[in-house]
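Residue numbers (the numbering used here): 5 to 389.
Structure, as structure tokens:
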């Protein structure tokens, strides 16, 4: 497809895939807040057979070239599990996605989005939801607030110019995802401290660390709580066993027992909180490669990470307890215990919670109660085809 001197082509072969992966290094060369990902990780994300997402999804990648130079990229993809979800929960029949969007200018952005839409339309899709890169569990949404500081581990970063490009292509906002930050060196307000202390006196409650020696069993417990807790949330797509195993393998090096808590009520696991040291602080200086000496630096860091920021990417309470006082109490207890460990064992001073759906009243209320503030907002858009 030609657009003046602009050509959009499907990614084909190793050279195209390399160009697709490499493009952000040129576009963000002068952006101090962009964190270069490890290129090997990006390649794995994009490759069927290596990313279990493709066990229930299909994708087509596109490159934009102007006078032979790569000036943009985009993915168009369809998640079969998302198609099976209720339409009122955001996904549903006929809904495809675009993501991995990068464009040098508005002309490039317009042409790439049109190419993604054309592919989705040819696959029978009637609606587009995006940007989502690639799964809703990975990097959903376009950063629209918070470009002035780097993202934490597993969070996206993009040019502020992309908002106008996407909205100019006829997309309307449908959902916001927020992240909160807080100074974890400060004690929580007295009310929260009293709630935690009350929970410690309740013999029905047990808050425990995960046991890394039983990693698979603990992962299964967390997955069970997660699928129950998030099952009614907007955008929810079930996580498959293969995805759990794959993610567990990837995250295992940055999983530390005292940063992931499981809450039990009367001996039954009913809530969890996962916290990760900000790996971006370690990989940023590696500029996308572990060679020749990056892997040594990373191994040293992983052995005993000392970080500024801890991120809470996932937290959940089973549905039967949601909106109850018990749910809030369990959440505050886990947050407080992990806060103490993060300071004492890892030297952390800052916490980040997210992403959190804008209509998740319970989680937003907890974030407000511990006096955190919104530091980034990601926007998901929709458009009828």
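Quick reminder that beta carbons are idealized off the backbone N, C-alpha and C, glycines included.
Which of helix, strand or coil DSSP assigns to residue i
i	result
residue 290	helix
residue 338	helix
residue 373	helix
residue 3	Here the chain comprises residues numbered 5 to 389, so residue 3 is not present and cannot be evaluated.
residue 127	coil
residue 154	coil
residue 192	coil
residue 97	coil
residue 386	strand
residue 350	helix
residue 5	Because the pLDDT at residue 5 is just 46, under 50, the model does not fix this residue reliably, and the value given afterwards should be weighed accordingly. In the structure shown, residue 5 sits in coil (DSSP, three-state: anything other than H, G, I, E or B).
residue 319	strand
Inter-residue CB distance, residue i and residue j (contact presumed, cutoff 8 angstroms)
i	j	result
residue 264	residue 273	Between residue 273 and residue 264 the Cβ distance is about 12 angstroms, and since that is not below 8 angstroms, they are no contact.
residue 269	residue 42	39 angstroms between Cβ atoms; not a contact.
residue 139	residue 160	No, residue 139 and residue 160 are not in contact; Cβ-Cβ is about 13 angstroms, not under 8 angstroms.
residue 358	residue 182	6 angstroms
residue 196	residue 373	6 angstroms
residue 279	residue 316	5 angstroms
residue 188	residue 343	5 angstroms
residue 246	residue 56	4 angstroms
residue 337	residue 214	About 15 angstroms separates the two Cβ atoms, so there is no contact after all.
Pairwise C-alpha distance: residue j and residue i
i	j	result
residue 255	residue 62	24 angstroms
residue 69	residue 114	13 angstroms
residue 26	residue 150	24 angstroms
residue 341	residue 186	15 angstroms
residue 108	residue 164	12 angstroms
residue 397	residue 328	Any answer about residue 397 is impossible in this case: the structure gives the chain only from 5 up to 389.
residue 134	residue 104	10 angstroms
residue 173	residue 64	20 angstroms
residue 40	residue 23	15 angstroms
residue 389	residue 353	46 angstroms
residue 258	residue 184	21 angstroms
residue 21	residue 154	26 angstroms
residue 335	residue 198	13 angstroms
residue 116	residue 318	32 angstroms
residue 5	residue 110	At residue 5, the pLDDT of 46 sits below 50, so the modelled position is not reliable; the number obtained from the coordinates is stated separately. For residue 5 and residue 110, the distance between alpha carbons rounds to 17 angstroms.
residue 99	residue 91	9 angstroms
residue 58	residue 287	26 angstroms
residue 190	residue 202	20 angstroms
residue 260	residue 276	14 angstroms
residue 102	residue 119	10 angstroms
Option in the options with minimal Cα separation from residue i
i	options	result
residue 35	58, 77, 103 and 152	152
residue 97	131, 154, 143 and 198	131
residue 378	33, 198, 368 and 387	368
residue 351	282, 259, 357 and 184	282
residue 322	198, 242, 228 and 191	228
residue 1	233, 382, 192 and 9	The chain is shown only over 5 to 389; residue 1 falls outside these bounds and no answer can be derived.
residue 234	66, 33, 45 and 364	364
residue 330	210, 239, 101 and 124	210
residue 141	47, 18 and 86	86
residue 126	93, 88, 145 and 80	80
residue 244	17, 14 and 84	84
Assigned exposure category for residue i - 16 Cβ within 10 Å defines buried
i	result
residue 50	buried
residue 380	buried
residue 12	buried
Any chain C beta carbon closer than 8 angstroms to residue i
i	result
residue 344	The structure shown has no chain C; it contains just one protein chain.
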